[in-house]
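Below is one structure; the comments refer to it alone.
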């Protein structure tokens, strides 16, 4: 494979007579809401391409779920040409209910690997690594978890201990590790103190009364509830109708979406280089979304999500809030966050995702991530993107339409 890196050069036209960079800031309107953007060393941008690509490397990205704004930065990187600039042809693969992106990442079918990179939450990936699956995090995109447990006020479920004796909705398949850890942190046995009910990734089971509380994310199911009519009142559901347990408040939140690879593949010639190009382009995609949320949202809508524009705009804002601020820059999580995620898993002998015999060594966790790819990406991106940490970003929501249209 011959690879000539195509680098887009950005020339800045200053609005003053003085030569040099200056910072711009502001807000971007998105479906009635706004996204405050970080500083970029540009007031207007003209691009000119350097050398083209001799060949394009195919790369299969396994998403953690179906197409939606949770993955907006990757769609934007494709549509803005960031992957193409780095000689990559990226294909997106959805994950459906009952499947695990880590399984796909390490899977082989007819001698062909099923995915090159997977978007997966740290709990799911770390649990797999603890059980001997050699996956490695090459960029930790989300700094926080957006997982919550939601119930109607009428249920009386205000705290974790209020879940005793109730039907607790759970996604299972490694998506419920914060829920299980939260129960155990309060001395509850998930097998006997609550009734765990496998739920779908929608609000139907809660609305029908099949469950008393449901697993949710701030960007998806919670927004679906706020786009729905209350079954008892016939009025649109309001935040005041709901009780929310935030797993971050219970100190059992774990790192969410990151980019994972099968580390055995670094033995393949050129694989590390391909991963580096992908990480750099993907980070640029997320930076673009922070700067131009409306164009980013258009990329999501063109990719064909199941839910509509207002829902995706809500989810995009919630997603950006999970990425920034990032103290060390996008893609790098504090070591303390990694260790908290790992310690919760290592100390929970009952968590079983079916990967095999669990290792008791924290070595499997502390070797589970590398910041090298992200630091190299930062070095390339920093001249164009001043604010990698996102400290000057501000977010407000627009109005959700009924049914999320």
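Residue numbers (my numbering): 1 to 405. For glycine and all other residues, C-beta sits at the position ideal for the given N, C-alpha and C. Being a predicted model, the structure only gives us computed values, none of them experimental.
- When the Cα atoms are used, residue 183 and residue 190 turn out to be separated by approximately 7 angstroms.
- By the Cβ rule, the region 273-287 counts as touching the region 68-76, because three or more pairs are nearer than 8 angstroms.
- In the structure shown, the three-state DSSP call for residue 254 is coil.
- Under the three-pair Cβ rule at 8 angstroms, the region 149-157 counts as touching the region 233-250.
- Annotation note: the region 197-245 contains the following uninterrupted alpha helix (DSSP H) runs of length 4 or greater, listed N- to C-terminal: 204-208 and 221-226.
- Straight through space, the alpha carbons of residue 202 and residue 208 are spaced by roughly 12 angstroms.
- Nearest Cα to residue 123 within the set 375, 259, 79 and 78: 259.
- Around the beta carbon of residue 231, fewer than 16 other beta carbons sit within 10 angstroms, so the residue counts as exposed.
- Cβ-Cβ separation between residue 218 and residue 146: approximately 4 angstroms, consistent with a contact (criterion under 8 angstroms).
- Counting the other CB atoms within 10 Å of its CB gives residue 266 a total below 16, which places it among the exposed residues.
- Separation of residue 210 and residue 157 (C-alpha to C-alpha, rounded to the nearest whole angstrom) is 15 angstroms.
- For residue 170, the beta-bridge partners assigned by DSSP are 198.
- Apart from the 5 residues on each side of it in sequence, residue 186 sits with its Cβ closer than 7 angstroms to the Cβ of 160 and 161 in its chain, given in chain order.
- For residue 75, the enclosing alpha helix (DSSP H) stretches over residues 72-79.
- Less than 7 angstroms separates the beta-carbon of residue 329 from that of residue 389.
- No residue range can be given for residue 160, since it is assigned to no alpha helix (DSSP H) and is classified by DSSP as neither H nor E.
- Counting only the Cα atoms, residue 307 lies some 11 angstroms from residue 300.
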